[in-house]
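Count along the sequence shown from 1, add 49, and you get the number used in this note's numbering.
Don't be surprised by glycine CBs; every beta carbon is placed ideally from N, CA and C.
What you are looking at is a predicted structure, and each value in this text was computed from that prediction instead of being measured.
A short worksheet on the structure shown next.
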Amino acid sequence: MITIRSARLEEADLLAEIGVRAWEKAMITVGDTRSMVDNARASFRHFTHKGWVTIMVADRGGFAAGWAAREDLDENITDFWIDPDQQRLGLGSALLEAVEAEIVRQGFDKASLQTHAMNIEAIGFFEKHGYAVNWLTIAYNPKLDRDVQSVGLSKQLVAVEPLGYGQEF
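Put into structure tokens, the structure is as follows:
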């Protein structure tokens with residue numbers, strides 16, 4: 050059974066490790082990231098300890114298997130990580146649905162996120178759930194010593210009523 054819930058501080062290290070494992074899988078197509086793993090682990094631990102109140106967790110059978118965050122509690126999904134061993138079991142879909150519902154509940158009408166352009170699996174997942182790529186950028190990554198393309202995706206969550214000819218104001 051899949052349950053979506055708020056994160057707890059005492060599981061911050063576990064959530065960080067899930068993030069690292071999913072990040073490593075997502076970064077394979079970018080290049081050799083072995084030199085970046087320690088920095089990534091430290092960043093994930095820092096975030097999950099300091100930002101745990103912004104994290105929603107996907108539990109499977111009572112165990113955390115993935116998580117998503119909105120660092121500024123706005124429409125931007127800043128983190129979305131499912132443990133690679135738990136992918137393709139419906140956790141991501143359930144988690145995304147819950148995050149989107151929370152975004153709407155807080156008064157926002159769209160959701161947005163970004164990932165690197167070679168993260169085809171993530172892009173496909175979000176497109177399958179109604180997201181569209183709406184920008185592409187290239188930035189130099191000094192740790193990889195190369196340019197890395199990033200894409201932004203968004204999804205309209207609340208229908209926007211156009212004001213058209215003949216409507217009353």
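Suppose you measure from the CA of residue i to the CA of residue j; what does that come to, to the nearest Å?
i	j	result
aspartate 87	arginine 57	24 Å
phenylalanine 96	proline 211	39 Å
arginine 54	isoleucine 77	30 Å
leucine 63	aspartate 194	30 Å
arginine 90	tyrosine 214	55 Å
alanine 150	arginine 109	20 Å
lysine 204	glycine 141	16 Å
tyrosine 189	methionine 50	42 Å
By alpha-carbon positions, which one of the options ends up nearest to residue i?
i	options	result
aspartate 128	Asp134, Gln135, Glu120	Glu120
alanine 171	Ile67, Ala65, Ile51, Lys74	Lys74
threonine 103	Tyr180, Phe112, Ile152, Met50	Ile152
asparagine 125	Ala160, Asn190, Trp72	Ala160
arginine 94	Glu66, Trp72, Leu138	Glu66
methionine 105	Leu138, Ala61, Arg137	Ala61
tyrosine 180	Ile187, Glu59, Thr164	Thr164
valine 200	Phe175, Gly100, Val209	Phe175
alanine 143	Gly111, Gly173, His178	His178
arginine 154	Leu138, Ala166, Asp123, Trp101	Asp123
Looking at the structure shown, is residue i part of a helix, part of a strand, or coil, going by DSSP?
i	result
glycine 213	coil
isoleucine 104	strand
aspartate 87	helix
arginine 54	strand
aspartate 132	coil
arginine 195	strand
phenylalanine 96	helix
arginine 119	coil
Use the C-beta contact count for residue i: other C-beta atoms within 10 angstroms, 16 or more gives buried, fewer gives exposed.
i	result
tryptophan 184	exposed
leucine 145	buried
serine 84	exposed
alanine 71	buried
valine 209	exposed
alanine 107	buried
leucine 202	buried
leucine 162	buried
Are any of the Cβ atoms in chain D nearer than 9 Å to that of residue i?
i	result
glutamate 176	In the displayed structure, chain D is absent; only one protein chain is listed.
With a cut-off of 8 Å on the beta carbons, I'd call residue i and residue j a contact; round off their distance for me.
i	j	result
alanine 117	glutamine 135	Between glutamine 135 and alanine 117 the Cβ distance is about 14 Å, and since that is not below 8 Å, they are no contact.
valine 197	valine 79	6 Å
valine 207	aspartate 132	Not a contact, Cβ separation roughly 31 Å.
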